[in-house]
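First up is the structure itself, then whatever we jot down about it.
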């Protein structure tokens, strides 16, 4: 282990940590994506894959808030 390049390993670890998304950021990204999907399902359904839209069901019966929750379930 004496010949191992420890500084290279530390550099790799630092790079990995810098690329890690925090739990808070992950939740924010998920929420934003759910909002976009809910909006797209209501307003631009042709953007959404038919398989996914079929799993969500009839969007007419949902408010946007309910639709966001439904998207999260799917």
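Residue numbers (the working numbering): 58 to 131.
Don't be surprised by glycine CBs; every beta carbon is placed ideally from N, CA and C.
Since this is a predicted model, take the numbers as computed values, not measurements.
Integer-rounded CB distance, given that residue 91 should sit under 8 Å from residue 122: Rounded to the nearest angstrom, the Cβ distance from residue 122 to residue 91 is 10 Å, too far for a contact under 8 Å.
Presumed contact (8 Å Cβ cut-off) between residue 116 and residue 98, rounded CB distance: Yes, they are in contact, since the Cβ atoms of residue 116 and residue 98 sit about 5 Å apart, within 8 Å.
Between the CA atoms of residue 120 and residue 101 - distance to the nearest angstrom: Taking the straight line joining both Cα atoms gives about 15 Å.
Alpha carbon of residue 95 to alpha carbon of residue 65, nearest angstrom: For residue 95 and residue 65, the gap between their C-alpha atoms comes out near 45 Å.
Burial state of residue 127 (16 or more Cβ within 10 Å): Buried, because 16 or more other Cβ atoms sit within 10 Å of the Cβ of residue 127.
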